[in-house]
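Note that this note's numbering gives residue 45 to position 40 of the sequence shown, counting from 1, and the numbers run on in steps of one.
Don't be surprised by glycine CBs; every beta carbon is placed ideally from N, CA and C.
No experiment lies behind these values; they were computed from the predicted model shown.
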Amino acid sequence: MLSKKIRNILMFGCIAAIFAAVGYWNISPERFLDKPVVKVDESAIDYYAVNAHSVQYLPDGKLQYEMTSDKVEHLKATEVTLLTNPDLNMFRGTEFPWHVQSERGEVNPDGTQVELIDSVRITRFDEKNRKTLITTTRMTVFPQQQYAQTDQPVRIDGAGGVSTGNGMKAYLKESRIHLLSNVRGQYEAR
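Structure representation (structure tokens):
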């Protein structure tokens, strides 16, 4: 009887020793050290779209804007959306839209601000089919306010001539444009 009891104690002792040995070899000092902070890749893209098309309507059901882009990439870390060749028609609730184009663009996280970069062109035809063309290298557009601004050199080709200047504020809804400094104009006499 004693031998059976000793045998059970030895068997449980061996099993306990095996568990202790496995546990000891499985524990390494690195487990107790602080984990290094994982660096977030600022350029990591969490989703993208090719040949994207977006339409936004006003509360009264009229078309506010229509945008297409060759490529749309959303950056996970900053929530900024990158646009390649954005093409935007801002209708302002009318049939004569402002046509906005550039080589690249960046949209802020809540979509209220669009930074247009490189070869920025804004075109509009009025009811008499007269063309207004605004060109610059960089411009910030606020689609909800129908407002655009830049501190870069600007050129405006209109029906009656050409105006240039540094910096611009454009109130697109009212079709009103203010050049901020170094304004020059060349107009055709009729």
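Coarse secondary structure for residue i, derived from DSSP in three states
{"i": "residue 12", "result": "helix"}
{"i": "residue 17", "result": "helix"}
{"i": "residue 96", "result": "coil"}
{"i": "residue 49", "result": "coil"}
{"i": "residue 153", "result": "strand"}
Distance CB(residue i)-CB(residue j) smaller than 9 Å
{"i": "residue 141", "j": "residue 125", "result": "yes"}
{"i": "residue 170", "j": "residue 188", "result": "yes"}
{"i": "residue 145", "j": "residue 119", "result": "yes"}
Run of the beta strand (DSSP E) containing residue i, from where it starts to where it stops
{"i": "residue 73", "result": "68-80"}
{"i": "residue 106", "result": "103-106"}
{"i": "residue 138", "result": "136-147"}
{"i": "residue 86", "result": "86-89"}
Closest residue to residue i among the options (Cα-Cα distance)
{"i": "residue 111", "options": "101, 122, 22 and 175", "result": "122"}
{"i": "residue 92", "options": "16, 175, 133 and 75", "result": "75"}
{"i": "residue 84", "options": "50, 63 and 100", "result": "50"}
{"i": "residue 157", "options": "147, 62, 113 and 143", "result": "143"}
{"i": "residue 53", "options": "64, 80, 67 and 66", "result": "80"}
{"i": "residue 57", "options": "89, 147 and 154", "result": "89"}
Backbone CA spacing between residue i and residue j [nearest angstrom]
{"i": "residue 71", "j": "residue 55", "result": "16 Å"}
{"i": "residue 160", "j": "residue 177", "result": "16 Å"}
{"i": "residue 166", "j": "residue 100", "result": "24 Å"}
{"i": "residue 182", "j": "residue 173", "result": "7 Å"}
{"i": "residue 190", "j": "residue 128", "result": "19 Å"}
{"i": "residue 153", "j": "residue 175", "result": "5 Å"}
{"i": "residue 78", "j": "residue 108", "result": "14 Å"}
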